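J.: Chains A and B, in that order, are what the protein sequence lines are. Residues in the first sequence are numbered consecutively from 515, following our numbering. Residues in the second sequence are numbered consecutively from 515, following our numbering. Glycine residues also receive a C-beta, built at the ideal position from the N, C-alpha and C atoms. All of these numbers come straight from a predicted model, not from anything done at the bench. Before I ask anything, here is the structure I am working with.
There are 2 protein chains.
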Amino acid sequence: MQTYIKENQKRMLDELFSLIRIPSVSAQPEHHQDMIACANRWKELLLMAGVDKVEIMPTKGNPIVYAEKIVDPTAKTVLIYGHYDVMPAEPFELWKSNPFEAEIRDGHIWARGADDDKGQSFIQAKAFEYVVKHNLLKHNVKFILEGEEEIGSPSLSDFCTEHQELLKCDVILVSDTSMLSADLPSLTTGLRGLAYWQIEVTGPNHDLHSGHFGGAVANPINVLCKLLADVTNEDGRITIPGFYDDVEDIPTEERKLVAAIPFDEKAYKQNIGVDELFGEKGFSTIERNGFRPSFDVCGIWGGYTGEGSKTVLPSKAYAKLSTRLVPHQDHEKIGQLVVDYFKRVAPKTVKVDIQSLHGGQAYVCPIDLPAYQAAERGFEKAFGKRPLPVRRGGSIPIIATFEKILGVKTILMGFGLESNAIHSPNENMPLDMIWRGIEAVVNFHLEFDKL
Amino acid sequence: MQTYIKENQKRMLDELFSLIRIPSVSAQPEHHQDMIACANRWKELLLMAGVDKVEIMPTKGNPIVYAEKIVDPTAKTVLIYGHYDVMPAEPFELWKSNPFEAEIRDGHIWARGADDDKGQSFIQAKAFEYVVKHNLLKHNVKFILEGEEEIGSPSLSDFCTEHQELLKCDVILVSDTSMLSADLPSLTTGLRGLAYWQIEVTGPNHDLHSGHFGGAVANPINVLCKLLADVTNEDGRITIPGFYDDVEDIPTEERKLVAAIPFDEKAYKQNIGVDELFGEKGFSTIERNGFRPSFDVCGIWGGYTGEGSKTVLPSKAYAKLSTRLVPHQDHEKIGQLVVDYFKRVAPKTVKVDIQSLHGGQAYVCPIDLPAYQAAERGFEKAFGKRPLPVRRGGSIPIIATFEKILGVKTILMGFGLESNAIHSPNENMPLDMIWRGIEAVVNFHLEFDKL
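What follows is the structure in structure tokens.
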């Protein structure tokens, strides 16, 4: 297999770079045409990789690329899910090279989507190409690549409901998560859910002079800061009544397993450049971002933000808020709980408007699932070590949706690393992880046929 | 005088509009050439108004326009101060007409600087023109117009020190404040001081994925909100230790005078569109913004502020902070107090950097000053009512500087109205206030000669 990779390396990278070059930023309406272009490019690449048929299927939002290779209608089917949309690349000035023109430096690919999820979906496509070209495939393979993952997959749930027959499968593979490190292969067995809001606080109906009015009129930024500050306490707990109602305590046995995962706090802190970590009292870092919910202000703005000083008592202040949720917390219930909370605690001196933007449920994959074990063996062949089962803090809401609508479990075989800076400037992917990823997925396919 | 105004109205407005057309925004470096252009335009207008000589004098920052008409070297001298710079006009999309192309609608001029301070300085220039053209001037008049008032007048203090002889005068006139209302003429007898900071909170060294890290790493926006929320308490008091040390209680007699000022709370609230006012417990609205200090977040930003949702745990969060200060509070002492406070209370999970951007002292004008009384009579002739003495919440730091360096009191004869929306979108000035303002200033000059 390594010979194949060596001989085809240049072509494969050219193919991946052609995907990266299309700025398929789903959150920004001006990139609408790029979404279509990216779906079309995937169509070409999947055909070249060996699918029998590929179709760009419309949704209310961005289209979904569906492809399949049916080797035997009576055989089992693996559905591979990925997404062709990417996060916005702002702030552009912090990138060392053009986010939409992949550059290879120090053995890494640097670009928006190099990992999440163009790079990782590409691993799946190239592993498929290998097994097809070498006549090794004994099960059917289907692909769906959506263009709205980074905005909460608003169309995918309806798509699954409408196309249940088409999407029928025995297991779903997703490469959109990360490993503990390049030396510590791991498979993700849990994902957090997500709820996301935008809040708008309006004070006076226009910006006021902070001298003429300051001290006598509530300032919406001051009020917003107070509202957001009150959501968490000194112990890092979320104070919104009812927020933890459905959160399960971590079982004693699982806490032991988690404690056994090697975790280098010093390296972790150094990597992100902080002197001290902070989180919910009574939990370790791995527990905090795998098993416990979180509350983050993802963005805030209001008043004068230009150069120099402007003495203004602004009319409005805004923030984007997210919570990560854990199994049994329902994102719709939490969504409403938080909306109700802010409306209830807002002082009468301002108007508070809060909208749920999107959300998704948490997910858990049992480690005794045969397909999970095939993935374990695939990883072991590629990385030389049995992968550790790990719950991760990120959210892929659609995984819970797949389970609900299609009744199928998903294996999260992610090849990212924390240093890949996904969603951030200078997103990157080590080339080595791409080649080893392909090897792991090829071996998954071979192991899956043995089940 | 009304005949003169009627006959010259069109020419005068053309002159004012030519000033407005130059976007002399001192806070934005890209407008550097506009500052020079605006100073030059003032030079032309002052010559046309009848000064003997005018000079554009360099400073370390934007130049100062100096002009004089010496009718008798042994006579008294009135120094008129104004500023030709304006606040940024952002956000542009909220303006109903181009902020730098004055438009007359509903009897108002709508433009950035229509009031603050192009419109108001223009009133002084045209009143001067009237008394010169009609040979009524028996005292000397000097003008200084600076280009850095909106950024804290960083060069004016040195300019006054270097040119004490040139600026020698008996009283200073400034039109850069507002009246209680068009029907309630008032003279400003007090101004608040100001201190202004920018704070930067840094968490991780790059933006993180809020799923992978959320709950385990301090979020700089969450931290900033908490830091800012803690500065004030439920009673609207500033909690920074030592902040009120030099604040004097309002004397019982002065509280009575203040209570006698007609104040229509309903109209005040309606004008700014709020349901409830908020301020320091135990004080009236007029006391809160005239006699008591305030703390306002003038701007805040950090993380993702674009369309849609981006799940990010940002690296940085920023805010611009201001306090209005009252007599005896020293802006430099308070500046340092606040810097020290934030450095002291910042948690170790983030890095906090805070810089003082500018500041100025508060000011009080005694109402038994003869020149003040001349102004009172001038207003009474133009408005038909004796103006009320009022302490205002705004800051013109240079007024305290004039007193310190030149040893002269300033009469604050402002013709603005609260509805003029200075520093905000849709700044405006009623035409009527310009004509009546000119009449009041002309009468001041006549009354001043009687002293």
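Counting only C-beta atoms, is residue 815/A closer than 7 Å to chain B at any point?
T.: yes
J.: Spell out whether any CB of chain B is found under 7 Å from the CB atom of residue 811/A.
T.: Chain B, which has a Cβ nearer than 7 Å to the Cβ of residue 811/A, makes this yes.
J.: For residue 639/A, count the other beta carbons within 10 Å of its own beta carbon; 16 or more makes it buried, fewer makes it exposed. Which is it?
T.: buried
J.: At 4 residues or longer, and completely inside the segment 892-948 of chain A: list those alpha helix (DSSP H) runs for me, N to C.
T.: 911-920
J.: What are the boundary residues of the alpha helix (DSSP H) that includes residue 644/B?
T.: 632-647
J.: Taking the alpha-carbon of residue 743/B as reference, which of 750/A, 734/A, 947/A and 751/A has the nearest alpha-carbon?
T.: 734/A
J.: Hey, out of 594/A, 740/A, 697/A and 679/A, whose CA is closest to residue 690/A's CA?
T.: 594/A
J.: If you measure between the beta carbons of residue 809/A and residue 715/A, is that distance less than 7 Å?
T.: no
J.: Provide the residue(s) that pair with residue 816/B in DSSP beta bridges, ordered along the chain.
T.: 814/A and 831/B
J.: Alpha carbons only, please: which of 754/A, 673/A, 700/A and 622/A is nearest the one belonging to residue 856/A?
T.: 754/A
J.: Distance, Cα to Cα, residue 629/B vs residue 908/B?
T.: The alpha-carbon atoms of residue 629/B and residue 908/B are separated by roughly 14 Å.
J.: Report yes or no: do the segment 877-891 of chain A and the segment 912-927 of chain A share at least 3 C-beta pairs separated by less than 8 Å?
T.: Yes, they touch.
J.: Kindly indicate the opening and closing residues of the beta strand (DSSP E) around residue 700/B.
T.: Residue range 700-705 is occupied by the beta strand (DSSP E) that includes residue 700/B.
J.: Given that residue 799/B touches chain A, what residues does it touch there, using C-beta distances under 8 Å?
T.: 730
J.: For chain A, check one thing: does any of its Cβ atoms lie closer than 7 Å to the Cβ of residue 607/B?
T.: no
J.: Can you name the residues of chain B whose CB is closer than 7 Å to the CB of residue 789/A?
T.: Chain-order list of chain B residues neighbouring residue 789/A: 862, by C-beta distance under 7 Å.
J.: What does the alpha-carbon distance come out to for the pair residue 656/B and residue 573/B?
T.: Computed Cα separation, rounded: 18 Å.
J.: Spell out a yes or no on whether the segment 867-884 of chain A and the segment 632-650 of chain A are touching, meaning 3 or more CB-CB pairs, one atom from each, closer than 8 Å.
T.: Between the segment 867-884 of chain A and the segment 632-650 of chain A, the count of C-beta pairs closer than 8 Å stays below three; the two stretches do not touch.
J.: Residues in the segment 653-674 of chain B with C-beta within 9 Å of chain A's C-beta atoms, listed in sequence order?
T.: 664, 665 and 666
J.: Determine the chain A residues that contact residue 683/B at a beta-carbon separation under 9 Å, and present them in chain order.
T.: Against chain A, a Cβ distance below 9 Å from residue 683/B picks out nothing, because the smallest value is about 26 Å.
J.: Assess, as a yes-or-no matter, whether the segment 707-723 of chain A is touched by the segment 794-803 of chain A under the definition of 3 or more beta carbon pairs within less than 8 Å.
T.: no
J.: Say whether chain C places a C-beta atom closer than 7 Å to the C-beta of residue 960/B.
T.: Here the protein chains are A and B, and chain C is not one of them.
J.: Would you mind working out which of 952/B, 830/B, 841/B and 897/B sits nearest residue 867/B, comparing C-alpha positions?
T.: 830/B
J.: Closer than 8 Å by beta-carbon distance: list the chain B residues that pair up with residue 807/A, in chain order.
T.: 729
J.: I need the DSSP call for residue 673/B, collapsed to helix, strand or coil.
T.: helix
J.: Using a Cβ-Cβ distance cut-off of 7 Å, determine whether residue 721/B contacts chain A.
T.: Yes, because at least one Cβ of chain A sits closer than 7 Å to the Cβ of residue 721/B.
J.: Please check if any C-beta of chain B sits within less than 7 Å of the C-beta of residue 602/A.
T.: yes
J.: Relative to chain A, which residues along the segment 833-856 of chain B have a C-beta separation below 7 Å, given in chain order?
T.: 834, 836 and 838
J.: Report all residues from its chain with a CB closer than 8 Å to the CB of residue 614/A; omit the five preceding and five following residues, and keep chain order.
T.: 534, 535, 536, 537, 603, 625 and 626
J.: Would you mind giving the Cβ-Cβ distance between residue 479/A and residue 940/B, rounded to the nearest angstrom? I have them listed as a contact below 8 Å.
T.: Only positions 515 to 965 of chain A appear in this structure, which leaves residue 479/A out of reach.
J.: From 700/A, 558/A, 837/A and 677/A, pick the residue whose C-alpha is nearest to that of residue 851/A; which is it?
T.: 837/A
J.: Alpha carbon to alpha carbon, what distance is there between residue 578/A and residue 658/A?
T.: 7 Å
J.: Which chain B residues sit within Cβ distance under 7 Å of residue 794/A?
T.: 729
J.: From which residue to which residue does the alpha helix (DSSP H) around residue 724/B run?
T.: 724-727
J.: Given this structure, state the Cα-to-Cα distance separating residue 779/B from residue 787/B, to the nearest angstrom.
T.: 12 Å
J.: Give, in chain order, every residue of the segment 617-639 of chain B whose Cβ lies closer than 7 Å to some Cβ of chain A.
T.: Within the segment 617-639 of chain B, no residue qualifies.
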